[in-house]
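**Q** Have a look at this one before I ask anything.
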Amino acid sequence: MTSNTPDADKYKNLIQNLLSKLKTDYQYVFSLSLSDGFTVTSRSKSVESIEHHQDTGLAVAVYNNYKKGTASTNNLSLESIQKTIEKAEYISTNTQQDECQGLPESNYTKNDWTDLGIYYPEKLDINEIIDKTIECESEAFSFDNRITNSEGSTFSYSNQKNIILNSNGAYGSYKSTDYSLSCIALAEQDKLMERDYWYSSTRDLDSIENAKDIGRIAARRAVSRLGAKTIKTRACPVLFSPEMAQSIISNFLGAIDGSSIYKKSSFLLNKLEETIFPNFLNIREEPLLEGGPATRPYDIDGVLTCKKDIISKGILKTYLLDTYSSRKLKMECTGNGSLTNIIIDTDRSLTKNIISTMEDGIFITDMMGSGANTLTGDYSRGAFGYLIKDGEIKHPVTEITVASNLLKMFKNIVALGDDIDIRGRIRTGSILIKDITIGGTK
Amino acid sequence: MNTIQTLILDNYDLNDDKLAKILSVACSKNIDFADIYFQHTLSESWQLEDGIVKHGSSSIDSGVGIRSVVSDKSGFAYSNNFEFDNLMSAANTSRCIAKSGKEKLIKIGEEQNIRKLYEPVSPIDGIKDDLKVKFLKKIDNHIRAKDSRVEQVIISLAGSYDSIFVANTDGIKAFDDRPLVRFSVMVILKKGDRRERGSAGGGGRYSYDHIIDSDIAYTYAEEALRQADVNLSAQEAKAGAMTVVLGPGWPGVLLHEAIGHGLEGDFNRKKTSAFSNLIGKKVASSQCTIVDDGTISKRRGSLSFDDEGCETQCNTLIENGVLKGYMQDKVNAKLMKTGPTGNGRRENYSCLPMPRMTNTFMRPGKYNPSEIIESVQNGIYAVNFSGGQVDITNGQFVFTASEAYKIANGKISHAIKGMTLIGNGPEVLKKVSMVGNDLKLDDGVGTCGKDGQSVPVGVGQPTLKIDDITVGGTKI
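The structure is reproduced here in structure tokens:
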């Protein structure tokens, strides 16, 4: 199925042709995405599923006298594209006028983007991939005899192309690839089961973590959860693993997103130039980070992305604004119709092995539920973790809640770990936050 | 006439003989079973914010998925090109899950004649676009006129018309046209420096007139205002284990998370669920009878037949506290040597089907809701929720309250801030000590995610009391 990958240049020419014939008093944006790839899962030492993917999508946005209409289709025939344009035009005759609507006026992309270090396509042999997933899962089983079951090991490959064109002359395209390998292991003891996972995710096949290592880490994590106890309710310092720290930073980024700000639905409204984090903490965006998981040259509107400080010495320096929200707020657009790579950093040195510095507290490695309210900052989620006493992990803890307010949590950050996770778009190590309420049993 | 028949099968000259040929390739000698799933989905949404309808969008997605199954293994390929040669090549890709063998002779069955739970009418074309815009404006005006503290109103109206056709090597041939609409309102109120949110909405498998031509939208609008107002005076909640009374309807998300996912066939066949091997065992208090019912007319979680062509049913999961059965799709039912239950669902043609819930709810009990509240000395009354999640392996689940009150000495006292509750699935229902007589289903806004696939679902329950569950408050 990968043999008939649609030719992106063909669509560029087709859309440029169409653009020259469209209504001149309307503005148009065409966003095209093409992707193909596959996902292989093996479980119980043999292949369980092979899924081949091939997706196409075209979204058309029309601005007609400050009224917007959008339509999309996955059928890229000329007839279907024309119908989609007409549909978007028709919708724009019914929506209401809003003077902030319209194409970006400056800083937009004008060329094909290569050399971003995110495109490493490969011809993959499916049998070798199956072997890799079996090797990964087998390693989890051989790690410990308490690994009694698994949800398998999954490899996925995807090759994408993104194209944008608008009637003001913006044009951009870039290609990217994604590889990932993961494993979910189940451990059992005294008839109670626990699961945990590990994964690697990269832009090129060579950088993907060794299959055996992934299986072994997944197994070690699952086994370490066995024998979890419930604990009493308390307030204490909480160390969030890099994966959990990413979710907290992601709540922060959601709250400074332009659409949250102009909708007045953020607890960080009117907080520009105010101290949000401790003064040793910096957060910056690096859109063109080589090999970055969220690297992209232009945002969803075609505006060039740019490197910026978001938090500098604890102070909020900017909101994340796309074309629309920047007009709405009468501020400069920051090219954040898309969010790219985010780096958490410190002026001090990163802390090695934070656990050893903690007298008591909880180390959280998993959280559940949607309990982060970005309107009020109120935070309450279910969690799994480990009790820490005198610098050491005592035992796993289960059935606990983690509650506070995000604004208070940000201010109460006391240390950043050097265990930086480079897999996700938010690059951070573990984060230690003091004085968080842990709900437990009586 | 079904959209798939006219837009795809007729247009691409895909008659039964050609479909049989494709399936015979997908189901060659070493393959147990194959199916082909055509889908054409038309969807739209309109959104009002800042007092104007600024977003309107429309989308068409169509494609076909071909699956080859051998024992517990699946090969799968999909495409949005319906040419016969392309479908044959997809079938060839799909069957690579097994070593190649000779093609089997496949016959396409007679079309299934299954009772319809909703009208085959597209909601989208039923009402002109300018009327949808006027409607949203009217609701916005209503809300703003009611309360001067309104800081923001976001209202959306969304509809879709999903046409599917599935044929398989067991002789199933079934067409379905599935309308779905959803209306939602979110209001932010401001008092001093404090801002709080309230939201409400509803929907189902019907046309827009159910919402536009009735007073229901005003009811949702006022409900959103009421909730935001309640939250403006909400105080911090205490953390720790306590007695919790859940209101009727949407708090049934408890059942969806605490036991629903854990009773899906795939997890139990693989024995990765905390409920594995518990059929016939007591897993809940004897007041609890819980069903998953895909057959309720026009409800959001209902389907005439599932995405594998199996008629939906009302399946009893727990009866008087005893675990009765799991929810199955074809693959897992066969491997567990039982029958399908009409729970084989997929987000769309580009995903593999899995066992999924439809409308999951608890049957009513004998207590008056007021009796239940009066029985609590010190606890929480939670009436609205924003969602939940579960780890099916250790049974830990959470659900997050968005409207809750403190109960003191048998009386509802002040509002408390939203918080997450955490419990253990196989344990929590044993702690249900009172079940109300006021069964209510939710208003039709639920979406369930599993393995990256989202499907519309429903939940429901009567008022019920849980003696002991951990509450994620901030106060010690």
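Protein chains in written order, with this note's numbering: chain G, 1 to 442; chain V, 443 to 918. Note that the Cβ used here is the ideal one computed from N, Cα and C, for glycine as well.
Can you pull out the residues from the segment 38 to 49 of chain G whose beta carbon lies closer than 7 Å to at least one beta carbon of chain V?
**A** The segment 38 to 49 of chain G vs chain V, Cβ under 7 Å: V47, E48 and S49.
**Q** Please tell me whether S201 of chain G and S176 of chain G are closer than 7 Å, where the distance is taken between their beta carbons.
**A** Cβ atoms of S201 of chain G and S176 of chain G: not closer than 7 Å.
**Q** Using a Cβ-Cβ cut-off of 7 Å, state whether T2 of chain G counts as contacting chain V.
**A** Interpretation of T2 of chain G is limited by its pLDDT of 36, a score under 50 that renders its predicted location unreliable; the figure taken from the coordinates is listed afterwards. So, not an interface residue.
**Q** List, in order along the chain, the chain V residues whose C-beta lies closer than 8 Å to that of L192 of chain G?
**A** Per Cβ cutoff of 8 Å: N836.
**Q** Look up P104 of chain G in the DSSP assignment and say whether it is helix, strand or coil.
**A** P104 of chain G falls in the coil class under three-state DSSP.
**Q** Report the partner residues of Y298 of chain G according to the DSSP bridge assignment.
**A** DSSP output for Y298 of chain G lists G:L304 as bridge partner(s).
**Q** Enumerate in chain order the residues of its own chain whose CB-to-CB distance from L304 of chain G is below 8 Å, with the five nearest sequence positions on each side excluded.
**A** Counting only Cβ-Cβ distances below 8 Å, and skipping sequence neighbours, we find N107, Y108, T109, P297, Y298 and G335.
**Q** Please classify M1 of chain G as buried or exposed, where buried requires at least 16 other C-beta atoms within 10 Å of its C-beta.
**A** For M1 of chain G, the pLDDT reaches just 32, beneath the cut-off of 50, and the residue's location in the model is therefore unreliable, leaving the point undetermined.
**Q** How far does the alpha helix (DSSP H) with A468 of chain V in it reach, from first residue to last?
**A** Element bounds for A468 of chain V: D458 to A468.
**Q** With 16 other CB atoms within 10 Å as the buried threshold, where does N373 of chain G fall?
**A** That one is buried.
**Q** By alpha-carbon positions, which one of V:I630, V:G645 and V:L449 ends up nearest to E638 of chain V?
**A** With distances taken between Cα atoms, E638 of chain V lies closest to V:I630.
**Q** Pick out the complete alpha helix (DSSP H) segments inside the segment 524 to 610 of chain V, 4 residues or longer, and give them in chain order.
**A** Runs of the alpha helix (DSSP H) inside the segment 524 to 610 of chain V: 526 to 536, 565 to 568 and 571 to 588.
**Q** Roughly how far, in whole angstroms, is the beta-carbon of I456 of chain G from the beta-carbon of A235 of chain G, given that I think they are within contact range, below 8 Å?
**A** Since the displayed chain G opens at 1 and closes at 442, residue 456 of chain G lies outside it and no answer follows.
**Q** Note down, in chain order, every chain V residue with its Cβ under 9 Å from the Cβ of K368 of chain G.
**A** Note on identity: in this sequence residue 368 of chain G is Met, with Lys being the wrong assignment. Simply G830, Q831, V832, D833, Q838, F839, V840, T862 and I864.
**Q** Could you have a look at A228 of chain G and say whether DSSP puts it in helix, strand or coil?
**A** Note: A228 of chain G maps to coil in three-state DSSP.
**Q** Beta-carbon of S180 of chain G versus every beta-carbon of chain V: anything under 7 Å?
**A** Chain V contact via Cβ: absent.
**Q** Which residues bound the alpha helix (DSSP H) around D884 of chain V?
**A** Here D884 of chain V belongs to no alpha helix (DSSP H), and DSSP marks it neither H nor E.
**Q** Taking the straight line between their C-alpha atoms, what separation do you get for A476 of chain V and G37 of chain G?
**A** Cα to Cα, A476 of chain V sits roughly 22 Å from G37 of chain G.
**Q** Could you tell me whether the Cβ of T5 of chain G comes closer than 7 Å to any Cβ of chain V?
**A** Since pLDDT at T5 of chain G reaches only 44, below the 50 mark, its modelled position is unreliable, and the value read off the structure follows with that caveat. So no, T5 of chain G is outside the interface.
**Q** Near I721 of chain V, which residues of its chain fall below 6 Å by C-beta distance, leaving aside the five closest residues on each side in sequence?
**A** Contacts found: L765.
**Q** Output needed in chain order: residues of the segment 521 to 532 of chain V with a Cβ under 9 Å from some Cβ in chain G.
**A** Here the close residues are S521, N522, N523, N528, S531 and A532.
**Q** Check whether the segment 9 to 29 of chain G touches the segment 69 to 89 of chain G, counting contact only when three or more Cβ pairs, one atom from each stretch, lie closer than 8 Å.
**A** The segment 9 to 29 of chain G vs the segment 69 to 89 of chain G: in contact.
**Q** Below 7 Å CB to CB, which residues in the same chain sit around K541 of chain V once its five sequence neighbours on both sides are set aside?
**A** The residues are N472.
**Q** To the nearest angstrom, report how far apart E484 of chain G and T842 of chain V are at their CA atoms.
**A** Residue 484 of chain G falls outside the range modelled here, since chain G spans only 1 to 442, and no answer is possible.
**Q** Quick one: grab the DSSP three-state call for C136 of chain G.
**A** Note: C136 of chain G maps to helix in three-state DSSP.
**Q** Which residues in the same chain have their Cβ closer than 6 Å to the Cβ of G915 of chain V, if we skip the five residues on either side of it in sequence?
**A** Cβ neighbours of G915 of chain V beyond the five flanking positions: A679, K680, A681 and M861.
**Q** DSSP has K633 of chain V in a bridge; who is on the other side?
**A** According to DSSP, which records beta bridges pairwise, K633 of chain V is partnered with V:R636.
**Q** Using a beta-carbon distance cut-off of less than 7 Å, what residues from the segment 265 to 276 of chain G approach chain V?
**A** Hits within the stretch, in order: S265.
**Q** Using a Cβ cut-off of 8 Å, which residues of the segment 301 to 328 of chain G contact any Cβ in chain V, in chain order?
**A** So nothing in the stretch comes that close.
**Q** Using a Cβ-Cβ cutoff of 9 Å, what residues of the segment 617 to 649 of chain V are near chain G? List them in chain order.
**A** Here the close residues are M628, I630, K632, R636, R637, E638 and R639.
**Q** Could you name the residues of chain V that D98 of chain G contacts, counting a contact when the two beta carbons are closer than 7 Å?
**A** Those within 7 Å of D98 of chain G in chain V are I494 and K496.
**Q** Ignore the nearest five residues each way along the sequence and tell me which others in P565 of chain V's own chain have a CB closer than 6 Å to its CB.
**A** Same-chain partners within the cutoff: G601, P621, V623, S649 and Y650.
**Q** Which residues does DSSP pair with H52 of chain G in a beta bridge?
**A** In the DSSP output, where bridge partners are listed per residue, H52 of chain G has G:F38 and V:A519.
**Q** Taking R195 of chain G as the query, report the chain V residues whose CB atoms sit under 9 Å from its CB, ordered along the chain.
**A** Residues of chain V passing the Cβ test: T714, D833, I834, T835 and N836.
**Q** Between which residues of its own chain and D618 of chain V is the CB-CB distance below 6 Å, once the five residues before and five after are set aside?
**A** Within the same chain, D618 of chain V has close Cβ partners I606 and S746.
**Q** I need the DSSP call for L18 of chain G, collapsed to helix, strand or coil.
**A** Correct three-state label for L18 of chain G: helix.
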